Structures are given as C-alpha cells and as structure tokens.
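Engineer: Here's a structure for you.
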Amino acid sequence: MSEWAAKRFWDKAEVSEAGAGFQVTLDARPLRTPFKSALILPTRAMARAVAGEWGAQGEQVDPLSMPVTRSANSAIDKVAPQHAAVAAMLAGYAETDLLCHRAGTPEGLVQRQTKGWDPVLDWAARIYHAPLIPTEGVLPVGQPEDSLTIYGNAVSELRPFSLTGFHDLVTLSGSLILALAVHKGQITVQEAWSLSRIDESWQIEQWGKDDEATEFAARKKDEFFHAARFLKLSDGA
32 MSEWAAKRFW DKAEVSEAGA GFQVTLDARP LRTPFKSALI LPTRAMARAV
82 AGEWGAQGEQ VDPLSMPVTR SANSAIDKVA PQHAAVAAML AGYAETDLLC
132 HRAGTPEGLV QRQTKGWDPV LDWAARIYHA PLIPTEGVLP VGQPEDSLTI
182 YGNAVSELRP FSLTGFHDLV TLSGSLILAL AVHKGQITVQ EAWSLSRIDE
232 SWQIEQWGKD DEATEFAARK KDEFFHAARF LKLSDGA
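Here this note's numbering is used: the first residue of the sequence shown is 32, the next is one more, and so on.
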C-alpha cells in the first residue's frame, strides 16, 4: 500500500501584513498551525521564507522540505505557551556548559579545547559580566550564582520565535555560551559548530570515521544551521 500524502491544492503562496506581524496566504486563505492557531510571523523575512517553502511544493506536499514552516509552527504551538519553562531549561545549560568541561589528557586535545573555547568564554564573561568556571572532567562544578542569574535573564528576554531557534542551537551543541555567541554575531554558525565538535573531531583523527556516526552528525549539522537561520529570520535578517 502506498503512503498517503497531502496534495497541493493552491496556486499562489503570498505574504501580507497581519496586525503587528505577517501572514502567508494560499490563494487568499491564511495558513494556520497544526493546533489551528493563526500562523502570524514576526518578520517579513520569515514570512517570505515560509511562502517560498509552500510555493516550491510539487504535486504532493512534503513537510520535511519546509523547515521554516515547521519551526514557526513550533514557536506558536509549543514554545509560546510554555515560554518560561523553555527559557529556564535552556538557561540551565550554563551550569554544565560544554565549554566548561575540559579533558585532562591527551595534551593535544587539551590545547585544542583551550584555544577554541577560552576566547568564547572570555567574550561572554566580558559582555554579560558573567564568568563561568572551567573544570576538568564531566562532573558539574558550582558556577557563580550571579552569572547563572544573568544568563537566565538573557534567555528569558528572547521572544518565542527567537527562543525556538535558540533552543536548537543550545541543545544540539550542548552550550548556552556558543548559542549566545552566534545570536550576538560574535562567531559564525560554522565556527560554533566546529567548536562544539572539538572532541568528536579529535576522536575521528585518532580512530577514523564511523559511517553511522558521520551520518548522524550530518543531520545534526543541518538542524544546527537551520536553527541559526531561523533565529536570524526571527530578527528580520
């Protein structure tokens, strides 16, 4: 039996203003989320991206080819109703941030982590006046309460659409600090991805590639780059 797929039922996907935001219409019918909420987007750039995804569909609709639409749906249906809880969960990454947990050996990996991660931690400490303490190993170390409060406030200030993209940057990298650095334009998304993969890259250099792990990493990278794009679209870029 062949799998069912929704068929295209519209000719034009267009952008129009909707109050303080923007909407996408399919032959003048506004899009709605899976929970039947109005799909009101915060920026024209995001609305154009959503319209582009719908306009590019063939005879059958492929939801996997519409990542901006899916993230926008999540922002409205999932993130907005529990904004405080999502923000608190992400802020909690400051307590065990990837950049703070260092290897003790081998020396080559230690140096690579120090060279890559220290500048980003130093930047965050300077900009936010919120230092975090690096430690050796995976066991948590007590971080300054003032710093945790500051980072918590910074995350809670993000609006639902921005928080949606920010969420994936944090969870896919394991680092609140890397996500903040991308959001603030301190580093590129490619730099952040590479910094988040220092340990994995080292292991590959020592032992070679594993096909399954490589495929999994490629999917994570695509999701990470999409998250950065969605965050920029949320800000109008």
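Every residue gets a Cβ at the ideal spot worked out from N, C-alpha and C, and that includes glycine. Computed from a prediction, not measured in an experiment: that's the story for all the values here.
Output the distance between the C-alpha atoms of Phe197 and Leu189, rounded to the nearest integer angstrom.
Structural biologist: Position 166 of the sequence shown, counting from 1, holds the residue named residue 197. Position 158 of the sequence shown, counting from 1, holds the residue named residue 189. Distance between the alpha carbons of Phe197 and Leu189: 9 Å.
Engineer: Out of Glu167, Ala87 and Ser204, point me to the one whose CA is closest to Glu138's CA.
Structural biologist: As a first step, residue 138 is located in the sequence shown; it is residue number 107 there, counting from the start. Here the closest residue by C-alpha is Glu167.
Engineer: Please return the same chain residues whose Cβ sits closer than 6 Å to the Cβ of Ala78, not counting the five positions on each side in sequence.
Structural biologist: Within the sequence shown, numbered from 1, the residue matching residue 78 stands at position 47. Only Val46, Phe53, Val55 and Leu72 meet the Cβ criterion.
Engineer: Answer with buried or exposed for Pro112, where buried requires no fewer than 16 other C-beta atoms within 10 angstroms of its C-beta.
Structural biologist: Residue 112 sits at position 81 when you count from the first residue of the sequence shown. When all chains shown are included, Pro112 counts as exposed.
Engineer: Enumerate in chain order the residues of its own chain whose CB-to-CB distance from Trp233 is below 6 Å, with the five nearest sequence positions on each side excluded.
Structural biologist: Your numbering for residue 233 matches position 202 in the sequence shown. Excluding sequence neighbours, Trp233 sits near Leu140.
Engineer: Go ahead and label Val169 buried or exposed: buried means 16 or more other beta carbons lie within 10 angstroms of its beta carbon, across all protein chains shown.
Structural biologist: Within the sequence shown, numbered from 1, the residue matching residue 169 stands at position 138. So Val169 ends up on the exposed side.
Engineer: Just checking Lys251 against the ligand GTP - is the residue's beta carbon closer than 7 Å to any of the ligand's heavy atoms?
Structural biologist: Of ligands this structure carries none, so the ligand GTP is not represented either.
Engineer: Run through the DSSP bridge pairs and tell me what Ala69 is partnered with.
Structural biologist: As a first step, residue 69 is located in the sequence shown; it is residue number 38 there, counting from the start. Looking at the DSSP assignment, Ala69 forms a beta bridge with Arg63.
Engineer: Can you give the Cα-Cα distance for Ala115 and Gln237, rounded to whole angstroms?
Structural biologist: Counting from one through the sequence shown, the residue named residue 115 turns up at place 84. Counting from one through the sequence shown, the residue named residue 237 turns up at place 206. In a straight line, the C-alpha of Ala115 is about 42 Å away from that of Gln237.
Engineer: Flag this pair as touching only if the stretch 60-72 and the stretch 117-127 have three or more C-beta atom pairs under 8 Å; answer yes or no.
Structural biologist: Result no; under three Cβ-Cβ pairs closer than 8 Å.
Engineer: Who pairs with Leu57 in a beta bridge, going by DSSP?
Structural biologist: Along the sequence shown, read from residue 1 onward, the residue named residue 57 stands at position 26. Ala44 and Arg60.
Engineer: Can you check which of these residues, Ala106, Ala44, Asp108 and Gly216, is closest to Glu84 by C-alpha distance?
Structural biologist: Along the sequence shown, read from residue 1 onward, the residue named residue 84 stands at position 53. Here the closest residue by C-alpha is Ala44.
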